[in-house]
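S.K.: I'd like to ask you about the structure that follows.
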Amino acid sequence: MKKQGVLVAPSIMGADLACIGREARNIEESGADLIHIDVMDGHFVPNITFGPGVVAAINRSTELFLEVHAMIYTPFEFVEAFVKAGADRIIVHFEAAENIKEIISYIQKCGVQAGVAFSPETSIEFVTSFIPLCDVILLMSVHPGFCGQKFIPDTIERIQFVKQAIQVLGREGSCLIEVDGGIDKESARACREAGADILVAASYFFEKDSINMKEKVLLLQGEEHGAK
């Protein structure tokens with residue numbers, strides 16, 4: 330992944346799933362930094378998506394960094410399977426289990442990065458104790474479970490809170506802020522200005538319109554003139 334500027338993480342959930350290998354290659358060719366893989370169990374969120382087999386298939390199709398966003402209960406049980414499948418980072422939800430800190434430690438002991446995600450309704454103050462432990466804090470800017478939702482404006486204040494906490498705790502560059510949901514050109518700009526490091530885009534990135542994927546990556550990064 331690139332080390333400077335905001336990172337762009339297209340969510341494979343928004344892709345043409347009948348051609349998932351090709352879509353992974355398209356993401357890589359677009360200049361995006363990593364692939365975000367939403368794993369849903371139908372219980373923590375009312376939708377079902379991918380398992381370790383799909384992660385392994387994506388891993389065979391691309392050299393990009395793979396990030397598994399586990400929107401599932403009992404995430405501890407699935408860590409090893411996703412690591413073996415090729416995940417480079419696993420993000421678990423604060424709301425999904427009581428032993429989240431133990432799960433973070435286990436993920437890191439398995440040799441990959443770990444993060445914690447927070448749903449919009451969860452008090453942002455819970456984030457502080459995880460900043461010293463995590464590689465990334467993911468802030469949901471929509472209610473988890475489905476693509477195509479509108480960006481929740483209150484997310485900007487939440488980003489600012491986490492950014493300040495990271496600075497106070499001396500974790501700049503070590504703990505990144507990721508924002509997931511409703512990301513398009515306009516919301517991306519607001520997130521960047523608030524201090525976000527990684528932007529997850531699904532519907533906007535894969536929408537069939539006059540702007541190609543390479544241009545969308547540049548627009549999300551703040552390159553207003555798009556690709557050359």
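Numbering (our numbering), first residue to last: 330 to 557.
Positions of the beta carbon are idealized from the N, C-alpha and C atoms, including for glycine.
Can you name the start and end residues of the beta strand (DSSP E) that E396 belongs to?
M.R.: Position 67 of the sequence shown, counting from 1, holds the residue named residue 396. Run containing E396: 394-400, per the beta strand (DSSP E) assignment.
S.K.: Got a sec, what are the start and stop residues for the beta strand (DSSP E) V412 sits in?
M.R.: Reading the sequence shown from its first residue, position 83 is the one you call residue 412. Where V412 is concerned, there is no enclosing beta strand (DSSP E), although the alpha helix (DSSP H) it sits in stretches over 408-414.
S.K.: Note down the Cα distance separating F373 from F411, rounded to an integer number of angstroms.
M.R.: One-based indexing of the sequence shown puts residue 373 at position 44. One-based indexing of the sequence shown puts residue 411 at position 82. Looking at the two C-alpha atoms, the distance is approximately 18 Å.
S.K.: Report the partner residues of H422 according to the DSSP bridge assignment.
M.R.: Residue 422 sits at position 93 when you count from the first residue of the sequence shown. A446.
S.K.: Going by other Cβ atoms of all chains shown within 10 Å of its Cβ, with 16 needed for buried, is T484 buried or exposed?
M.R.: Position 155 of the sequence shown, counted from the start, is the residue given in the question as residue 484. Buried, because 16 or more other Cβ atoms sit within 10 Å of the Cβ of T484.
S.K.: Use the C-beta contact count for D345: other C-beta atoms within 10 angstroms, 16 or more gives buried, fewer gives exposed.
M.R.: Taking the sequence shown and counting its residues from 1, one reaches residue 345 at position 16. Result: exposed.
S.K.: Does the Cβ-Cβ distance between A385 and A414 come in under 7 Å?
M.R.: Position 56 of the sequence shown, counted from the start, is the residue given in the question as residue 385. Position 85 of the sequence shown, counted from the start, is the residue given in the question as residue 414. Yes, they are a contact pair.
S.K.: Look up A531 in the DSSP assignment and say whether it is helix, strand or coil.
M.R.: Start at 1 with the first residue of the sequence shown, and residue 531 comes out as number 202. Looking at A531 - three-state DSSP - the assignment turns out to be coil, as it is neither helix nor strand.
S.K.: Between the Cα of L505 and the Cα atoms of V471, L528, G334, D464, which residue gives the shortest distance?
M.R.: What you label residue 505 is simply residue 176 of the sequence shown in a count that begins at 1. That would be D464, whose Cα lies nearest to the Cα of L505.
S.K.: Closest to L498 by C-alpha separation, out of L462, L363, M369, Y402, would be which residue?
M.R.: Within the sequence shown, the letter at position 169 stands for residue 498. Answer by Cα proximity: L462.
S.K.: Quick test of your reading: I429 and F423, contact by CB under 8 Å. State the CB separation rounded to the nearest angstrom.
M.R.: Along the sequence shown, one-based indexing puts residue 429 at 100. Along the sequence shown, one-based indexing puts residue 423 at 94. Yes, I429 and F423 are in contact; Cβ-Cβ is about 6 Å, under 8 Å.
S.K.: Please work out which residues of its chain come closer than 8 Å, Cβ to Cβ, to V471, disregarding the five sequence neighbours upstream and downstream, and give them in chain order.
M.R.: Within the sequence shown, residue 471 is the residue found at index 142, counting from 1. Same-chain partners within the cutoff: P449, Q478, K479, F480, I481, D509, G510, G511.
S.K.: Nearest by alpha-carbon distance to I364: which of V397, V335, N376, T457 is it?
M.R.: Taking the sequence shown and counting its residues from 1, one reaches residue 364 at position 35. Nearest option by C-alpha distance: V397.
S.K.: Between which two residues does the beta strand (DSSP E) holding L549 run?
M.R.: Taking the sequence shown and counting its residues from 1, the one referred to as residue 549 is at position 220. Unbroken run through L549 is the alpha helix (DSSP H), 542-550; no beta strand (DSSP E).
S.K.: Within 10 angstroms of the Cβ of G555, are there 16 or more other Cβ atoms? Answer buried if so, exposed if not.
M.R.: The count along the sequence shown starts at 1 and reaches residue 555 at position 226. For G555, the predicted structure reports a pLDDT of 45, less than 50, and the residue's modelled location is therefore unreliable. The matter cannot be settled from this model.
S.K.: Going straight from the alpha carbon of N403 to that of L528, what length do you get?
M.R.: Locating residue 403 in the sequence shown gives position 74, counting from the first residue. Locating residue 528 in the sequence shown gives position 199, counting from the first residue. Rather than Asn, the amino acid found at residue 403 in this sequence is Thr. For T403 and L528, the distance between alpha carbons rounds to 26 Å.
S.K.: Over what stretch of residues does the beta strand (DSSP E) that includes E507 continue unbroken?
M.R.: The residue labelled residue 507 in the question sits at position 178 within the sequence shown. 505-509 is the span of the beta strand (DSSP E), which, as asked, contains E507.
S.K.: Can the beta-carbon of V546 be found less than 7 Å from the beta-carbon of A361?
M.R.: As a working note, residue 546 is residue 217 in the sequence shown. As a working note, residue 361 is residue 32 in the sequence shown. The answer is yes: Cβ separation under 7 Å.
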